[in-house]
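Encoded as structure tokens, the structure appears first; notes follow it.
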Amino acid sequence: MTTMIRTKATVSFFVLAIAISGSGSGCARKSENTITLAGSTAFQPFAEKLAEQYLETHTDVRVNVQGGGSAVGVQAALAGSAQIGMADLLTLPEEAKTLTPTVVARDGIALVVHPKNALAELSATQARSVFTGEINNWKDLGGADAPIRIISREEGSGTRRSFQELVLGDSKLSPNALFQNSNGTIREAVASNPDAIGYLSIGLVNDRVKSISYAGVVASNENVKNGTYPLARPIFLLTKGEQSPMVREFIDFVMADASQRVLEKEGLIPAK
Amino acid sequence: MRIAPRTTQAIAKGLLLTATASAVGALVFVVGFVLAGGLRHVSWSFLTEPILDMGRAGGIFPAIVGTLLMVLVSVGIAAPLGIASAIYLAEYTREGRLTQTIRFGINCLAGVPSIIFGLFGFILFVNILGLGWSVLSGGLSLAAMILPTVIRTAEEALRSVPTSYRDVAASLGATRWQVVTKSVLPYAIPGILTGVILGIGRSIEETAVVIFTAGSAVQTPTSVFDSARTMAVHFYILAREGISNENAYATAAVLICTILIINTTAYTLMHRLMRGRRAA
Amino acid sequence: MDKLVSRLLLLAACSSAAILALIALFIFKEGVPIMARSGLGAFLLGRDWSPLQGQFGILPFIIGSLCITLGALLIGVPLGVACAVYLAEFSSPRWVNILKPAIELLAGIPSVVYGFLGVMWLAPLIRIRLGGPGLSILAASCVLAIMTLPTIVSISIDALQAVPKSYKQGSLALGATEWQTVWRVLFPAARAGILAGVILGMGRAIGETMAVIMISGNSTAIPHSALDSVRTLTANIAIEMGYATGEHRQALFATGVILFFFIMILNGAALRFARRKF
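Quick look at the structure:
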């Protein structure tokens, strides 16, 4: 028994020692050949995919991709804990003024309903009335007699802000709206409720939900690209001060045609 | 008219059985759902290959290593610290203002949401102490989170050891420390283990804290200073960004098996330890 | 020697209080300024949360947290304690040895898994059978109750098993039935331990975020029934933190400050309730 306690004490002392020494050496480790990206959870998987391809040709570096959200992207880039911040905000906040933004892609936003819903399109006015709560029953849109359940993204998110600006304008979102804070959970929530309506990235629309046209235009990346479909938000990479050669090379890689094609294939809209 | 004690007992037993059946039913449902959805996508290569193509291809080897490392660090810190705290509260002091304050603090800490631990760890360990997103930052934050569970369970376990055990040892001239380590701790092990196991469970399942402090790098961590992705985080990212439901549930299935293995090992070790003691 | 050990142990015991203080300090520093600016009254009693327009009313979230926590306790505590009593007193030790670890397994299942299960199974069930949007107080309470089970059950089992055998034998020898023994003798004797489990379980219910975000619907309106959607204080922080900057971020930390007091008040209430004579 006593041996066990002694072992425990040794282990804890050991860990503590690492912790103390770590506070010094932790910084040293990540310096030279690691590129850390952090921020937008929506762009994180895409960044991972690009990093994976980047490492095929650059074996001497390590690329760390972290999430945390766009706000973390801005903070981490400012604090230096990440060389590159990722943000999918419509407009960058005040504190990001000192950072250099590069738009690497855009992400289209589709209005979605349950697959059983007969609705095929909403005009701009209808969409606004639905999301402000003025129209709150599907029968007013020619559907069944059932209340409309709005499922929205949370306040502040890039998707929500673009939606607010482009669809709602000055009007306020209905106070009865429900909220989810990611594409996947919005899709799940809409897919499990026949009365629901929501919005999410075009690239993530699948057979569990039905995408509907907005203002007579089908939600597709081609239509975003040719300018007929207005709902999209930019994705930024943020860097602080002078870019190091390593960071510049990575961003150039992301902007190169091959990488942009990868992003397009995965459902984003290329920056160029 | 009074109901006969026998009838009351029958009713009570019926109700208790119903409650137990519901709890076990919930367990079977949750575990069954995950295993049914995930187990058929689990293969040897899934366990041994790196995470590829956003998690749609390859396996989850880095996440398995990340999970184990993270649990080791967090429990390695929280268990000794928590048990020491519990020993102080239960054995070394009288009930008073100080213990009440400490205990109140522990109870409150138990209610602090994981997201707060995450933000706190992000500012303190990742930024101020410069540990970056790393297993160490994550482990320290997780340790803070599971500390209350370890302390409170260990304290109750120590308190439940009959006073006579202490008296006998003390009357033989043992110091307080000897009394605690030789006569009290061995009998409190099952209870202490409950807390440690609940703590392991929480470390394994936590996502919010890990994302903010240990990060979610897809590479396999080679030291405690590397960023790591745990299986829970991997599941979370796959499911919330709608990347791959098959691999998400396969990850959850592996996660459940991992917990099962850890818990079983812990219980087996305990039983062996207890039996060894009784034989001695 | 003994004195040194005692000092070291005291240090360890204070560590969690120190962590709590550190976390509190850090949240207060970020959150208090905005509360002072917009006024505590407007913050606590305001019904309108639109942070980008400078409206920071969190009354709906306070009500939401209260409803969901109480709901989870109402379902989880009786279920958990009853389960523990049955396993500890009325079933064979072999079953305890299998079922206790099995229930502890529930503690290690990611909350996100519970969240997805809730969205896919429980919410539609509630919507179809009982009405409302499905994602609701009721759904969140049920999911949280299940999440508190492992804590409550396994700590309570320990507490019941720790009651000296002589108590039970004495009571039975006096002619009491097994149930009378459990209810009048074992239960009071194990009360402190069971309470520790319940308080930790309650902490889990208040602190849980990921699952609650998915299953409670996160509406910012004040709920009128258990079938309405609500947002809890924790959910409010977690759901918006990803994108929040400037005042919005501070307002989320201010939510954390309120949450802190909320936790302290609930713990105080639980202790008071526990000290009452039954």
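Residue numbers (this note's numbering), protein chains in the order written: chain W, 74 to 345; chain D, 14 to 293; chain R, 867 to 1144.
Backbone N, C-alpha and C define an ideal beta-carbon position, used for all residues, glycine too.
Would you verify that the beta carbon of residue 976 of chain R is, or is not, closer than 9 Å to some beta carbon of chain W?
Not one chain W Cβ lies under 9 Å of residue 976 of chain R.
Terminal residues of the alpha helix (DSSP H) in which residue 177 of chain W lies:
Segment 172–186 is the beta strand (DSSP E) holding residue 177 of chain W; no alpha helix (DSSP H) there.
At a Cβ threshold of 9 Å, is residue 152 of chain W touching chain D?
Taking Cβ atoms only, chain D reaches closer than 9 Å to residue 152 of chain W, which makes this a yes.
Candidates W:153, W:187, W:171, W:144: closest to residue 264 of chain W by CA position
Residue 264 of chain W has its Cα closest to that of W:187, out of W:153, W:187, W:171, W:144.
Less than 9 Å between the C-beta atoms of residue 912 of chain R and residue 1017 of chain R, yes or no?
If you check the CB distance, residue 912 of chain R and residue 1017 of chain R do not come in under 9 Å.
Span separating the alpha-carbon of residue 1101 of chain R from that of residue 244 of chain W
The alpha-carbon atoms of residue 1101 of chain R and residue 244 of chain W are separated by roughly 25 Å.
How would you list, in chain order, the residues of chain D whose beta-carbon sits under 8 Å from the beta-carbon of residue 146 of chain W?
At a C-beta separation below 8 Å, residue 146 of chain W has no neighbours in chain D, since its nearest C-beta there lies roughly 13 Å away.
Residue 202 of chain W: CB within 8 Å of a non-hydrogen atom of the ligand NAP:
This structure lacks the ligand NAP, and indeed carries no ligand of any kind.
Please check if any C-beta of chain R sits within less than 9 Å of the C-beta of residue 253 of chain W.
Yes - at least one Cβ of chain R is within 9 Å of the one on residue 253 of chain W.
Does the distance from the C-beta atom of residue 1042 of chain R to that of residue 1051 of chain R stay below 9 Å?
Pairing residue 1042 of chain R with residue 1051 of chain R gives a Cβ-Cβ distance under 9 Å.
If you measure from the beta carbon of residue 915 of chain R to each beta carbon in chain D, is any gap under 9 Å?
No, residue 915 of chain R does not count as interfacial toward chain D.
Provide the residue span of the alpha helix (DSSP H) that contains residue 1035 of chain R, from first to last.
According to the DSSP assignment, residue 1035 of chain R belongs to the alpha helix (DSSP H) that extends over 1031–1039.
Would you kindly work out how many angstroms separate the C-alpha atoms of residue 152 of chain W and residue 124 of chain W, rounded to a whole number?
Straight-line Cα distance between these residues: approximately 22 Å.
Quick one: which residues of the segment 948–972 of chain R get their C-beta closer than 7 Å to a C-beta of chain D? List them in chain order.
Only those residues of the segment 948–972 of chain R whose C-beta falls short of 7 Å from the nearest C-beta of chain D are listed: 948, 949, 951, 952, 953, 956, 965, 967, 968, 969, 970, 971, 972.
Bridge partners - residue 922 of chain R, DSSP secondary structure assignment
Looking at the DSSP assignment, residue 922 of chain R forms a beta bridge with R:915.
Reduced DSSP category for residue 1065 of chain R - H, G, I as helix; E, B as strand; rest coil:
The DSSP-derived three-state label of residue 1065 of chain R is helix.
Against chain W, with Cβ distances strictly below 9 Å, would residue 230 of chain D count as a contact?
Judged by the 9 Å Cβ criterion, residue 230 of chain D is in contact with chain W.
Between the C-alpha atoms of residue 1139 of chain R and residue 100 of chain D, what's the straight-line distance to the nearest angstrom?
If I take the Cα positions, the gap works out to 26 Å.
Do you know how far the Cα of residue 209 of chain W is from the Cα of residue 109 of chain W?
If you take the alpha carbons of residue 109 of chain W and residue 209 of chain W, they lie about 46 Å apart.
Within 9 Å of any Cβ in chain D, is that where the Cβ of residue 1096 of chain R sits?
Judged by the 9 Å Cβ criterion, residue 1096 of chain R is not in contact with chain D.
Spatial neighbours of residue 204 of chain W within its chain, please: C-beta separation below 7 Å, excluding the five flanking residues on both sides.
In chain order, 223, 240, 241, 246, 247 place their CB closer than 7 Å to the CB of residue 204 of chain W, counting only its own chain and leaving out the 5 sequence neighbours on each side.
At least 3 beta-carbon pairs within less than 8 Å: the segment 874–894 of chain R vs the segment 78–97 of chain D:
The segment 78–97 of chain D and the segment 874–894 of chain R touch, with three or more beta-carbon pairs separated by less than 8 Å.
Checking 9 Å against the spacing of the C-beta atoms, do residue 243 of chain D and residue 139 of chain D come in under that value?
Taking 9 Å as the Cβ cut-off, residue 243 of chain D and residue 139 of chain D do not qualify as a contacting pair.
Please tell me whether residue 86 of chain D has its Cβ less than 9 Å away from any Cβ of chain R.
The beta-carbon of residue 86 of chain D is placed no less than 9 Å from the nearest beta-carbon of chain R.
Would residue 269 of chain D and residue 971 of chain R qualify as a contact pair, given that the criterion is a beta-carbon distance under 9 Å?
Contact: yes.
Residues in the segment 113–144 of chain W having any Cβ partner in chain R nearer than 8 Å
Closer than 8 Å at the C-beta level to chain R, one finds these residues of the segment 113–144 of chain W: 114, 141, 142, 143, 144.
Below 8 Å between beta carbons is the criterion; list the residues of the segment 181–196 of chain D that meet it against any residue of chain R, in chain order.
Here the close residues are 188, 189, 190.
Can you look up residue 306 of chain W in the DSSP assignment and give me helix, strand or coil?
When DSSP states are grouped into helix, strand and coil, residue 306 of chain W belongs to the strand group.
Under 9 Å, Cβ to Cβ, is there at least one residue of chain R near residue 201 of chain W?
Taking Cβ atoms only, chain R never reaches closer than 9 Å to residue 201 of chain W, which makes this a no.
Whole angstroms is fine: what's the gap from residue 54 of chain D's alpha carbon to residue 260 of chain D's?
Computed Cα separation, rounded: 7 Å.
Could you check whether residue 180 of chain W and residue 275 of chain W sit closer than 9 Å to each other, using their CB atoms as the reference points?
Against a cut-off of 9 Å, the Cβ pair of residue 180 of chain W and residue 275 of chain W comes out as a contact.
Residue 889 of chain R to residue 131 of chain D, Cα distance in whole Å?
C-alpha separation (whole angstroms): 11 Å.
Where do the ends of the beta strand (DSSP E) carrying residue 319 of chain W lie?
For residue 319 of chain W, there is no enclosing beta strand (DSSP E); the residue is part of the alpha helix (DSSP H) that begins and ends at 318–328.
Can you name the residues of chain D whose CB is closer than 8 Å to the CB of residue 277 of chain W?
Within chain D, the residues 254, 255 have their CB atoms less than 8 Å from the CB of residue 277 of chain W, given in chain order.
Please classify residue 118 of chain W as buried or exposed, where buried requires at least 16 other C-beta atoms within 10 Å of its C-beta.
Residue 118 of chain W comes out buried.
Please confirm whether residue 121 of chain W and residue 68 of chain D have their CB atoms less than 9 Å apart.
The answer is yes: Cβ separation under 9 Å.
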